[in-house]
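Engineer: Numbering (this note's numbering), first residue to last: 122 to 676. Can you read through this structure? Questions will come right after.
So, in structure tokens, the structure goes:
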């Protein structure tokens with residue numbers, strides 16, 4: 122789907138990122154104006170002057186306004202102390218730019234130049250013809266591996282038409298240099314605030330299954346390509362947490378426990394560097410500015426809208442503001458596309474509206490609202506979610522321009538993003554209900570492919586297939602007496618974090634006739650759910666040996 126590509130943020134002024142050596146020779150360039158810059162680099166280089174970038178051991182930043190044929194462009198350049206190359210960003214200029222805007226622009230460009238991972242080897246790499254041929258074969262094998270192992274096929278899929286070729290080009294970017302292949306996946310934000318969907322706030326067996334699957338994919342790549350690969354999970358929790366009714370501290374807690382779980386998986390599998398994590402705090406280097414946040418707050422960074430009451434942290438809020446100031450599109454452009462009934466944008470907007478209405482249904486902030494007010498709120502949140510989602514996508518594009526971009530949203534797989542299945546369909550089935558003939562859960566309206574943070578894992582006794590569904594489906598079945606079961610921690614717990622899941626038996630609980638007669642004349646009670654998950658080996662053993670019959674509040 123093509124998103125409205127307009128705005129005044131730095132992203133929409135971006136022309137290219139380049140790397141040049143100490144002599145001023147262009148080594149690498151990427152961005153929308155790559156071809157023009159490559160063809161006229163000598164002229165641009167002349168505008169830069171003869172500055173010797175190898176003459177100092179101090180980090181250097183330079184800002185140059187280009188002239189001549191490039192009037193209207195400006196250039197920000199950075200050289201690290203550990204290298205003899207400079208990395209630069211070229212932007213279109215803004216007439217009569219206020220000095221306060223310039224201060225933020227300088228800050229944001231310097232941040233991008235420090236954090237951008239171009240995945241480029243600056244020195245020439247000599248790969249023998251035999252090795253090159255082997256890596257070419259590996260490229261094709263890796264593409265086929267992704268196709269059968271991870272790729273999610275949605276409607277209007279264009280993988281065969283063009284996506285496969287695009288994906289191969291991205292893989293070849295790494296194999297042609299003999300570099301480790303790198304992929305990035307914006308995902309694993311936090312658990313939904315709607316307990317009709319999930320077991321609680323912490324990572325559970327769903328996250329465990331998803332991380333194991335990602336590790337398995339990277340391991341399979343290693344068997345094909347000896348240099349290996351790494352998948353970066355770019356956590357988007359703080360991008361949306363205030364929209365989806367989750368406190369920032371809960372996002373932080375979820376992320377730390379997820380990293381701990383991931384490390385334990387890596388240790389057990391013999392490599393802790395296959396899957397890594399980055400958050401907005403990491404991408405924006407807030408640790409660097411930990412004692413200078415008051416100075417950052419003085420920059421001209423607009424505030425952002427909050428429609429749902431949540432507890433925000435100063436750090437996360439600053440990240441959101443930087444994100445939107447640097448990468449957001451024009452609100453008027455999105456609004457115009459919605460009002461003009463643009464089919465793709467309208468479907469996305471309506472899909473997000475329905476999703477947020479469902480997700481926020483029982484949130485303390487919305488619980489007392491009328492249905493009409495909830496719908497109006499959900500529409501506002503949906504609009505904000507789309508704006509935030511696009512800004513975050515723009516940021517990832519700037520910071521990881523050559524990474525293979527994966528997504529938990531359903532795409533047509535033509536590129537640059539490719540939808541993936543976090544659950545292995547051979548062992549996990551995402552379903553709408555627990556009935557034998559339940560329809561499979563699918564991605565609707567270009568929204569999430571079934572994920573651990575919107576669902577719960579269920580083991581049905583006697584079945585080799587695990588189910589993924591909404592927690593309310595299980596709790597209702599247990600409360601109605603149609604099934605018996607409990608909430609358990611996985612026996613092979615990860616680093617003292619119980620990877621909890623439901624286990625159920627389809628054999629109905631026997632009920633006393635007197636109870637049935639009494640129930641027919643009395644409204645059933647609706648006690649509040651009370652499930653205690655113990656931690657540690659003793660706790661898990663207790664959970665495994667003791668059946669906890671769940672009594673739940675039925676909405």
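Backbone N, C-alpha and C define an ideal beta-carbon position, used for all residues, glycine too.
1. Go to residue 181, then tell me how far its beta strand (DSSP E) extends in each direction, as first and last residue.
2. Where does residue 375 sit, in a helix, a strand or coil, going by DSSP?
3. Given residue 322, which residues of its chain have a CB within under 8 Å of its CB, disregarding the five upstream and five downstream residues?
4. Let me know the secondary structure DSSP gives residue 346 once reduced to three states.
5. How about residue 225 and residue 420: do their beta carbons lie closer than 7 Å?
6. Straight-line CA distance for residue 231 to residue 298?
7. Use the C-beta contact count for residue 505: other C-beta atoms within 10 angstroms, 16 or more gives buried, fewer gives exposed.
8. Answer yes if the segment 439-454 comes into contact with the segment 234-253, meaning at least three C-beta pairs across the two stretches below 8 Å, and no otherwise.
9. For the beta strand (DSSP E) containing residue 194, list its first residue and its last residue.
10. Which partner residues does residue 132 have in the DSSP bridge list?
11. Around the C-beta of residue 307, are 16 or more other C-beta atoms found within 10 angstroms, so that it is buried, or is it exposed?
12. Where DSSP assigns a beta bridge to residue 353, which residues make up the other side?
13. Three-state secondary structure (DSSP) at residue 150?
14. Along the beta strand (DSSP E) that carries residue 428, what are the first and last residues, could you check?
15. Hey, out of 329, 234, 500 and 190, whose CA is closest to residue 365's CA?
16. Excluding the five sequence neighbours on either side, which residues of its own chain have a C-beta within less than 7 Å of the C-beta of residue 503, listed in chain order?
17. Grab the span of the beta strand (DSSP E) containing residue 607 for me, first residue to last.
18. Quick one: what does DSSP say residue 483 is sitting in, helix, strand or coil?
19. Tell me which residues share the same chain as residue 339 and place their Cβ nearer than 8 Å to its Cβ, disregarding the 5 neighbours each side in the sequence.
20. Give a yes or no on whether the C-beta atoms belonging to residue 360 and residue 509 are separated by under 7 Å.
21. What does the Cβ neighbour count give for residue 383, buried or exposed, with the cut at 16 atoms within 10 Å?
22. With DSSP collapsed to three states, give me the class of residue 548.
23. Cβ atoms of residue 304 and residue 525: under 7 Å apart, would you say?
24. Please classify residue 141: does DSSP put it in a helix, a strand, or coil?
25. My guess is that residue 595 and residue 581 are in contact by the Cβ rule of under 8 Å, so how many angstroms apart are they, rounded?
26. Please determine, among 551, 555 and 570, the residue with the shortest C-alpha to C-alpha distance to residue 561.
27. Could you have a look at residue 273 and say whether DSSP puts it in helix, strand or coil?
28. What separation, rounded to the nearest whole angstrom, lies between the Cα atoms of residue 404 and residue 210?
29. Grab me the residues of residue 335's own chain with a C-beta within less than 6 Å of its C-beta, minus the 5 sequence neighbours each way, in chain order.
30. Taking buried to mean at least 16 other C-beta atoms within 10 Å of its own C-beta, is residue 144 buried or exposed?
31. Using the Cα positions of residue 461 and residue 426, report the straight-line distance between them to the nearest angstrom.
32. How is residue 440 classed by DSSP in three states: helix, strand or coil?
33. Identify the residues that DSSP records as bridge partners of residue 208: which are they?
34. Tell me which same chain residues have a C-beta within less than 6 Å of the C-beta of residue 532, skipping the five on either side of it?
35. Determine the contact status of residue 167 and residue 155, defining contact as a CB-CB distance below 7 Å.
36. Just mark residue 320 as buried or exposed, buried being the case when its beta carbon has 16 or more other beta carbons within 10 Å.
Structural biologist: In short, the structure shows the following:
1. If you number the chain shown from 1, residue 181 lands on position 60. It spans 181-186 - the beta strand (DSSP E) in which residue 181 sits, taken as one unbroken run.
2. Here residue 375 refers to the residue found at position 254 when the chain shown is read from its first residue. In the structure shown, the three-state DSSP call for residue 375 is helix.
3. Translated into the one-based positions of the chain shown, residue 322 becomes position 201. Cβ neighbours of residue 322 beyond the five flanking positions: 311, 312, 371, 374 and 375.
4. For the purposes of this step, residue 346 is taken as residue 225 along the chain shown, with counting starting at 1. Residue 346 falls in the coil class under three-state DSSP.
5. In the chain shown, counting from the first residue as 1, residue 225 sits at position 104. In the chain shown, counting from the first residue as 1, residue 420 sits at position 299. Closer than 7 Å, so yes.
6. Numbered from 1 along the chain shown, position 110 holds the residue referred to as residue 231. Numbered from 1 along the chain shown, position 177 holds the residue referred to as residue 298. The alpha-carbon atoms of residue 231 and residue 298 are separated by roughly 27 Å.
7. Position 384 of the chain shown, counted from the start, is the residue given in the question as residue 505. By the neighbour-count rule (16 or more Cβ atoms within 10 Å), residue 505 is buried.
8. no
9. The sequence position of residue 194 within the chain shown is 73, counting from 1. From DSSP, the beta strand (DSSP E) with residue 194 extends over 194-200.
10. Taking the first residue of the chain shown as 1, we reach residue 132 at position 11. Residue pairing for residue 132: DSSP places it in no beta bridge.
11. Your numbering for residue 307 matches position 186 in the chain shown. Residue 307 comes out buried.
12. Position 232 of the chain shown, counting from 1, holds the residue named residue 353. According to DSSP, residue 353 bridges with 305 and 397.
13. The count along the chain shown starts at 1 and reaches residue 150 at position 29. Residue 150 falls in the strand class under three-state DSSP.
14. On the chain shown, residue 428 is found 307 positions in, with the first residue counted as 1. For residue 428, no beta strand (DSSP E) encloses it, and the DSSP letter there is neither H nor E.
15. Translated into positions along the chain shown, residue 365 becomes position 244. Measuring from the Cα of residue 365, the nearest candidate turns out to be 500.
16. As a working note, residue 503 is residue 382 in the chain shown. Result list for residue 503: 470, 473, 474 and 477, in chain order.
17. Here the question's residue 607 lines up with position 486 in the chain shown. Where residue 607 is concerned, the enclosing beta strand (DSSP E) stretches over 605-610.
18. Position 362 of the chain shown, counted from the first residue, corresponds to residue 483. DSSP places residue 483 in coil when its eight states are reduced to three.
19. Reading the chain shown from its first residue, position 218 is the one you call residue 339. In its chain, beyond the 5 residues on either side, 349, 350, 351, 352, 395 and 396 have a beta carbon closer than 8 Å to the beta carbon of residue 339.
20. Within the chain shown, residue 360 is the residue found at index 239, counting from 1. Within the chain shown, residue 509 is the residue found at index 388, counting from 1. Closer than 7 Å, so yes.
21. One-based indexing of the chain shown puts residue 383 at position 262. That one is buried.
22. Working through the chain shown from its first residue, we reach residue 548 at position 427. Note: residue 548 maps to coil in three-state DSSP.
23. Position 404 of the chain shown, counting from 1, holds the residue named residue 525. Position 183 of the chain shown, counting from 1, holds the residue named residue 304. Cβ distance < 7 Å, so residue 525 and residue 304 count as in contact.
24. Position 20 of the chain shown holds residue 141. Of the three classes helix, strand and coil, the one that applies to residue 141 here is strand, per DSSP.
25. Taking the chain shown and counting its residues from 1, one reaches residue 595 at position 474. Taking the chain shown and counting its residues from 1, one reaches residue 581 at position 460. About 10 Å; that fails the 8 Å criterion.
26. In the chain shown, residue 561 corresponds to position 440, counting from 1. Nearest of 551, 555 and 570 to residue 561, Cα basis: 551.
27. Numbered from 1 along the chain shown, position 152 holds the residue referred to as residue 273. Reduced to three states, the DSSP call for residue 273 is coil.
28. Translated into positions along the chain shown, residue 404 becomes position 283. Translated into positions along the chain shown, residue 210 becomes position 89. Taking the straight line joining both Cα atoms gives about 17 Å.
29. Within the chain shown, the letter at position 214 stands for residue 335. Cβ within range, chain order: 352 and 396.
30. Sequence index remark: in the chain shown, residue 144 carries index 23 (1-based). If you draw a 10 Å sphere on the C-beta of residue 144, you find fewer than 16 other C-beta atoms in it, and that means exposed.
31. Looking up residue 461 in the chain shown gives position 340. Looking up residue 426 in the chain shown gives position 305. If you draw a straight line from the Cα of residue 461 to the Cα of residue 426, it is about 24 Å long.
32. To locate residue 440, count along the chain shown from 1; it is residue 319. Three-state DSSP puts residue 440 in a helix.
33. Mapped onto the chain shown, residue 208 falls at position 87. DSSP lists 140 and 199 as partners of residue 208.
34. Translated into positions along the chain shown, residue 532 becomes position 411. Result list for residue 532: 538 and 540, in chain order.
35. In the chain shown, the residue the question calls residue 167 occupies position 46. In the chain shown, the residue the question calls residue 155 occupies position 34. Against a cut-off of 7 Å, the Cβ pair of residue 155 and residue 167 comes out as no contact.
36. Counting from 1 along the chain shown, the entry for residue 320 is found at position 199. Buried, by the Cβ-count rule.
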